[in-house]
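To start, the structure itself, in structure tokens.
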Amino acid sequence: MLPWLIIGGGLHGTYLSLVLTKGCSMEAKQVRVLDAEAEPLAQWFHRTANTGMTHLRSPIVHHIDLEPGSLKKFSRNWRQDKCCIAPYARPSLAMFNAHCREVIERNGLAELRIQGTARHIEIAGNHVCVETNQGAVRARRVVLAMGSTPPSVPVWAERLSAADAQIHHLFDEEFKGADLATSGTTLVIGGGISGAQFASYMVERGAEQVVVLARSQPRVHQFDADPGWLGPKYMGRFNRYDPPARRPLITAARHKGSMPGDVFRRLRHHLRQERVTWLQGEVRHASTNAGRIMVQCGQGLIVADRLVLATGFIPTVPGKPFLQDMHRQAGLTLAPCGFPITDRFLRWHSRVFVTGGLGELTLGPVARNIAGARRAANLIKQLVRPT
Ligand SMILES: Cc1cc2nc3c(=O)[nH]c(=O)nc-3n(C[C@H](O)[C@H](O)[C@H](O)COP(=O)(O)OP(=O)(O)OC[C@H]3O[C@@H](n4cnc5c(N)ncnc54)[C@H](O)[C@@H]3O)c2cc1C
461 MLPWLIIGGG
471 LHGTYLSLVL
481 TKGCSMEAKQ
491 VRVLDAEAEP
501 LAQWFHRTAN
511 TGMTHLRSPI
521 VHHIDLEPGS
531 LKKFSRNWRQ
541 DKCCIAPYAR
551 PSLAMFNAHC
561 REVIERNGLA
571 ELRIQGTARH
581 IEIAGNHVCV
591 ETNQGAVRAR
601 RVVLAMGSTP
611 PSVPVWAERL
621 SAADAQIHHL
631 FDEEFKGADL
641 ATSGTTLVIG
651 GGISGAQFAS
661 YMVERGAEQV
671 VVLARSQPRV
681 HQFDADPGWL
691 GPKYMGRFNR
701 YDPPARRPLI
711 TAARHKGSMP
721 GDVFRRLRHH
731 LRQERVTWLQ
741 GEVRHASTNA
751 GRIMVQCGQG
761 LIVADRLVLA
771 TGFIPTVPGK
781 PFLQDMHRQA
791 GLTLAPCGFP
801 ITDRFLRWHS
811 RVFVTGGLGE
821 LTLGPVARNI
831 AGARRAANLI
841 KQLVRPT
């Protein structure tokens, strides 16, 4: 019987495994992280590489080590690229990733992993039983850290994909932005931070022509939610609402589809050079003709050689089938938006905790971010008894 099992070894699950083993002095054998991926943070590395982003949106104090100053210290010996950019000292992606790998290596976090996929979770009398594709794992406590939902693909794009058109989603597991051909026209659908970063990245890789089709003109916000959400400024009021009533506050707080100033300036440079064309509109009709993709929008017809969706993730609850199952089976409470209603320590049941996006109704709009991972682990830590 394992004392702790974390389901999902992305940024959130991996950081929590560090806090439990090193921050709470648990023995390594007491914590395991179940994940289908072989490597910790695999999805993070893959997705961020695909966008062509150069720096993080979050500041240098948000990282996956225990010491708040750890990444800053690491940056002193960083020579590969500009370690941070203003404002708010945001780290380079290359340096942030190197630091993550160093933290994982130094703390033996890869050794805590069980490679497998959870299929069913059952709360038994004195433990939780997780059925996986590798057999059953029993644990005293389970943390749900399943992270993000699948990439969001519009129906018209699914139809064209089935017809063998060159359609990719930036966050598809098999998509590799660095391998995409640069000849002819690349059409990017979506004008948020990832669409803007990818359009710039393609130009810098030598793409002939890049067209971005977006619902609005570029919208600039430094962060995806105001930094006031990291502390009592906004969280005080948030906590006074009943958890189900917190959803509209979270939705209103997020600057969805926005980008920070540096991403905008990089894009604007390419717009001025006429290497990127920004069209505002919606896809009205899409078809293929002789291997090319024809997209009709309010601005006219776009003919492209390939199409890349930067349309984010399906707006649903991560791990939804598991949650609904546990709700039916053990009566655990879900809000009308489908997210778990936990106590203030992210405890959904005496044996089940959540972190990451699943903790949104407790952690607020920053739950999915690195800052959310740090807050979540610090809350869960308060309930860990010394062994
Ligand atoms: C391109 C991009 C850039 C971002 N930039 C920033 C930034 O600058 N700053 C910031 O704070 N945040 C940023 N974020 C947001 C956030 O920090 C990341 O999305 C973060 O990686 C989320 O981590 P996670 O662990 O919740 O999810 P994931 O990385 O998706 O990990 C979840 C893991 O759970 C596993 N899993 C799922 N279901 C099961 C199952 N049934 N059984 C076993 N394992 C399972 C998956 O295999 C996966 O490895 C960014 C996000 C993206 C996409």
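Mind the numbering: the sequence shown is residues 461 to 847 in the numbering used here, read in order.
The beta-carbon is built from N, C-alpha and C at its ideal position, and this holds for glycine as well.
Item                                                                                                      : Value
Neighbour-count burial assignment, residue 654, 16 or more Cβ in a 10 Å radius                            : buried
contact_flag[the segment 736-743, the segment 670-680] where n(CB pairs < 8 Å) is 3 or more               : yes
Heavy atom of ligand 2 within 7 Å of residue 557 beta-carbon                                              : No copy of ligand 2 appears in this structure; the ligands present are ligand 1.
Boundaries of the beta strand (DSSP E) in which residue 463 is found, first to last residue               : 462-467
The segment 637-653 / the segment 696-714 touching (three or more Cβ pairs under 8 Å)                     : no
Inter-residue Cα distance where the pair is residue 578 and residue 604                                   : 10 Å
Member of 576, 717 and 583 whose CA lies at the smallest distance from the CA of residue 500              : 576
Residue environment, residue 641, which counts as buried when at least 16 other CB atoms sit within 10 Å  : exposed
Segment contact flag, the segment 656-664 with the segment 796-804, C-beta cutoff 8 Å, min 3 pairs        : no
Same chain only: Cβ atoms within 7 Å of residue 835, ignoring 5 sequence neighbours per side              : 823
At least three beta-carbon pairs within less than 8 Å, the segment 682-691 to the segment 605-623         : no
Near ligand 1: residue 857 beta-carbon under 7 Å from a heavy atom                                        : In the structure displayed, the chain extends from 461 to 847; residue 857 sits before or after that span and is not available.
Endpoints, the alpha helix (DSSP H) within which residue 721 is located                                   : 721-732
Distance, residue 670 Cα to residue 758 Cα                                                                : 18 Å
Distance between beta carbons of residue 539 and residue 516, contact taken as under 8 Å                  : Actually they are not in contact, since the Cβ atoms of residue 516 and residue 539 sit about 19 Å apart, beyond 8 Å.
Proximity to residue 831 [Cα-Cα], best of 643, 689, 512 and 607                                           : 689
Expected contact under 8 Å - CB spacing of residue 663 and residue 730 to nearest Å                       : 5 Å
CA-to-CA distance, residue 628 to residue 562, given in whole angstroms                                   : 32 Å
CB of residue 503 within 8 Å of CB of residue 607, strictly                                               : yes
Continuous alpha helix (DSSP H) stretch holding residue 782: start and end                                : 780-790
Reduced DSSP category for residue 580 - H, G, I as helix; E, B as strand; rest coil                       : strand
Near ligand 1: residue 504 beta-carbon under 7 Å from a heavy atom                                        : yes
Alpha-carbon spacing of residue 489 relative to residue 572, whole angstroms                              : 8 Å
Cβ-based burial, residue 806 [other Cβ within 10 Å; buried from 16]                                       : buried
Any non-hydrogen atom of ligand 1 within 7 Å of residue 578 CB                                            : yes
Span of the alpha helix (DSSP H), counted from its first residue to its last, around residue 674          : First-last for residue 674: 669-674, but that is the beta strand (DSSP E), not the alpha helix (DSSP H).
Burial state of residue 833 (16 or more Cβ within 10 Å)                                                   : buried
Cross-strand partners of residue 649 (DSSP beta bridge)                                                   : 673 and 769
Opening and closing residue of the beta strand (DSSP E) in which residue 738 lies                         : 736-740
Exposure label - residue 733; buried when at least 16 CB within 10 Å                                      : exposed
Buried or exposed (CB count within 10 angstroms, at least 16 for buried), residue 717                     : buried
Neighbourhood of residue 611 by C-beta, 8 Å cutoff - its chain only, sequence neighbours within 5 removed : 629, 630, 631, 632, 769, 771, 772, 773 and 774
With 16 other Cβ atoms within 10 Å as the buried cut-off, status of residue 552                           : buried
Contact test: residue 467 Cβ vs ligand 1 heavy atom, cutoff 7 Å                                           : yes
Backbone CA spacing between residue 530 and residue 522 [nearest angstrom]                                : 10 Å
Terminal residues of the alpha helix (DSSP H) in which residue 699 lies                                   : 692-700
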